[in-house]
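These protein sequence lines are chains A and B, in that order.
FYI, UniProt numbering numbers position 196 of the first sequence as 196, with every residue one higher than the one before it.
FYI, UniProt numbering numbers position 39 of the second sequence as 39, with every residue one higher than the one before it.
Protein chains: 2
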Amino acid sequence: MSSRKVIELFFDVVSPYSWLAFEVMCRYRKVWNIELRLRPTFLGGVMQGSGNKPPGLVPNKFLYMGKDLNRLSEYFNVPLKPPADVPEAMFKKGSLNAMRFVTAVQEMEKSGDERVERVSRELWRRIWYEDRDITEPASLSEAAMKAGLSDSEIKRALELCNSQEVKEKLKSATEEALDYGAFGFPLVVCHLNGKPELFFGSDRFELLAHCIGEKWLGPLPDKSTAKL
Amino acid sequence: MSSRKVIELFFDVVSPYSWLAFEVMCRYRKVWNIELRLRPTFLGGVMQGSGNKPPGLVPNKFLYMGKDLNRLSEYFNVPLKPPADVPEAMFKKGSLNAMRFVTAVQEMEKSGDERVERVSRELWRRIWYEDRDITEPASLSEAAMKAGLSDSEIKRALELCNSQEVKEKLKSATEEALDYGAFGFPLVVCHLNGKPELFFGSDRFELLAHCIGEKWLGPLPDKSTAKL
Chain A
1 MSSRKVIELF FDVVSPYSWL AFEVMCRYRK VWNIELRLRP TFLGGVMQGS
51 GNKPPGLVPN KFLYMGKDLN RLSEYFNVPL KPPADVPEAM FKKGSLNAMR
101 FVTAVQEMEK SGDERVERVS RELWRRIWYE DRDITEPASL SEAAMKAGLS
151 DSEIKRALEL CNSQEVKEKL KSATEEALDY GAFGFPLVVC HLNGKPELFF
201 GSDRFELLAH CIGEKWLGPL PDKSTAKL
Chain B
1 MSSRKVIELF FDVVSPYSWL AFEVMCRYRK VWNIELRLRP TFLGGVMQGS
51 GNKPPGLVPN KFLYMGKDLN RLSEYFNVPL KPPADVPEAM FKKGSLNAMR
101 FVTAVQEMEK SGDERVERVS RELWRRIWYE DRDITEPASL SEAAMKAGLS
151 DSEIKRALEL CNSQEVKEKL KSATEEALDY GAFGFPLVVC HLNGKPELFF
201 GSDRFELLAH CIGEKWLGPL PDKSTAKL
């Protein structure tokens, strides 16, 4: 049995703050003594299930978030750039297909989260850097191709997207997040002495490190995003 | 002319996250090369003016905030303890009188913010540690007494509370915060090269330090709150 602390990261590629948390947690999984479990989840379901409203509905908050993301992107070295029409991309088009696709990729993994990590990153890059679609099968294929999946793997993942099994898996991950107490993403759940400790957002890493007895070293550089 | 960077902290003693930011900024004003300006403001006015809703209305968010504040209180060494009835204390009773009182104390200061700092801290301690009233004149007097104000100063501050001058001063500080783009407190406004940079909440200190070219050293210990 491993003595590593288990940390789950619930995320949706439609959420820019999730991208920050995702990159930071992926970097730190090599630094801290943790087992990181990537949990693709559906933000729309969590917002509806918790009764939460998108923060961007308040004009001053929307303006602030743009500047905040801009600064954080530079500081964390994650190439975030908001799509031209944020409400259209985030809420009208949404991420149900994309997160089913990531769930399908996870379903196909034999061990580890390597492909889930790479495919998720490519999807974020599409919507939150290139301002491109993440709802159509062709978009999902392209992201998966860039992430290194083979043609047959991509075909299989697209088929799986429509399976009851994958739909249910995404739904139950979303319900699990709600049961933990989610009201948005990213949500980091640290399992400490059999008890889940929740950290919402991408601004509790220093506190998280303190809680798990590790050291926060600031945003580490990372090869996977630094080259953009 | 001083070369110190001017940083304004807009706060309301009804807001627990403001207390965290207040203590951290007061500690760092001795560490960073900054001129900290305390800006007592009315949270109710900013929520109404920006169209924002209290986060605690979403049940999962309310639960999370309780745990979050608990952990942050320990980590930042600020003795936060929620009042038994948070909605009653925060929204029904509110902080209009308290913030008028702090504004009056500021109006009476000859130079510096020393009394504003001490009175604000005592008011936070009342509502967010001792679960006591901060709306009645007797409550305000008691807090001011603990903060070291003399009887005549307290009498004068209570009189000033009802003056048009102080009412207007609080109102215009609140409007100024809204003009900067506030949608809640704490709001830290850093003046960098003549441009205001906004930081909302008590979780951007590391980023703030980076932006002003200073170093974040974590939550420093502080004599004023450590003894509780």
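All C-beta atoms, glycine included, are put in the ideal place defined by N, C-alpha and C.
Predicted model, so just to flag it, every value in this text is computed and none were measured.
Contact between the segment 204–224 of chain A and the segment 2–10 of chain B is absent: fewer than 3 CB-CB pairs across the two stretches fall below 8 Å.
In this structure leucine 140 of chain B does not touch alanine 84 of chain B by the C-beta definition: roughly 21 Å separates them, more than the 8 Å allowed.
Here proline 40 of chain B is buried: its Cβ has 16 or more other Cβ atoms, across all protein chains shown, within 10 Å.
Here lysine 5 of chain A is bridged, per DSSP, to A/Ile34.
The closest CA to that of glutamine 164 of chain A, considering only A/Glu107, A/Glu23, A/Pro16 and A/Pro79, is found on A/Glu107. For glutamate 8 of chain A, the closest Cβ of chain B is not nearer than 8 Å.
Residue contact with chain A for histidine 191 of chain B: absent (no Cβ-Cβ distance below 8 Å to any residue of chain A).
In the DSSP assignment, no residue is bridged to arginine 204 of chain B.
Around the beta-carbon of glutamate 114 of chain A, fewer than 16 other beta-carbon atoms lie within 10 Å, marking it exposed.
Listed along the chain, the chain A residues whose CB falls inside 8 Å of the CB of phenylalanine 200 of chain B are Tyr64 and Asp68. The C-beta of glycine 44 of chain A comes no closer than 8 Å to any C-beta of chain B.
Checking the DSSP bridge columns, you'll see glutamate 197 of chain B partnered with B/Cys190.
Here serine 150 of chain B is exposed: its Cβ has fewer than 16 other Cβ atoms, across all protein chains shown, within 10 Å.
Within the segment 13–34 of chain A, no residue has a Cβ lying closer than 7 Å to any Cβ of chain B.
For glycine 181 of chain B, the nearest CB of chain A lies under 8 Å from its own CB, placing it at the interface with that chain.
Chain-ordered, the chain B residues with CB closer than 7 Å to the CB of asparagine 60 of chain A read Ser50, Gly181, Ala182 and Phe183.
A straight line joining the alpha-carbon of tryptophan 32 of chain A with that of tryptophan 19 of chain A spans about 19 Å. Counting along the chain, no alpha helix (DSSP H) covers threonine 135 of chain A, and no H or E run does either. When Cβ-Cβ separations below 8 Å define contact, glutamate 214 of chain A makes no contact with chain B. Cβ-Cβ separation between aspartate 12 of chain A and leucine 43 of chain A: approximately 4 Å, consistent with a contact (criterion under 8 Å).
Between tyrosine 129 of chain B and leucine 80 of chain B, the C-beta spacing is below 8 Å. Valine 24 of chain B is positioned such that its CB atom lies closer than 8 Å to that of phenylalanine 205 of chain B. Listed along chain A, the residues sitting closer than 8 Å to aspartate 203 of chain B by beta-carbon distance are Gly201, Asp203 and Arg204. Counted as a single uninterrupted DSSP element, the alpha helix (DSSP H) harbouring aspartate 179 of chain B occupies residues 164–180. In the same chain as leucine 36 of chain B, and ignoring 5 residues on each side of it, the C-beta atoms closer than 6 Å to its own belong to Ile7, Met25 and Arg29, in chain order. Here arginine 29 of chain B carries a coil assignment [DSSP, helix/strand/coil]. DSSP places asparagine 60 of chain A in the uninterrupted alpha helix (DSSP H) bounded by 59–76. The segment 186–199 of chain A makes no contact with the segment 142–149 of chain A: fewer than 3 CB pairs, one atom from each, lie closer than 8 Å.
Cα atoms of glutamate 175 of chain B and arginine 100 of chain B: separation of roughly 15 Å, rounded to the nearest angstrom.
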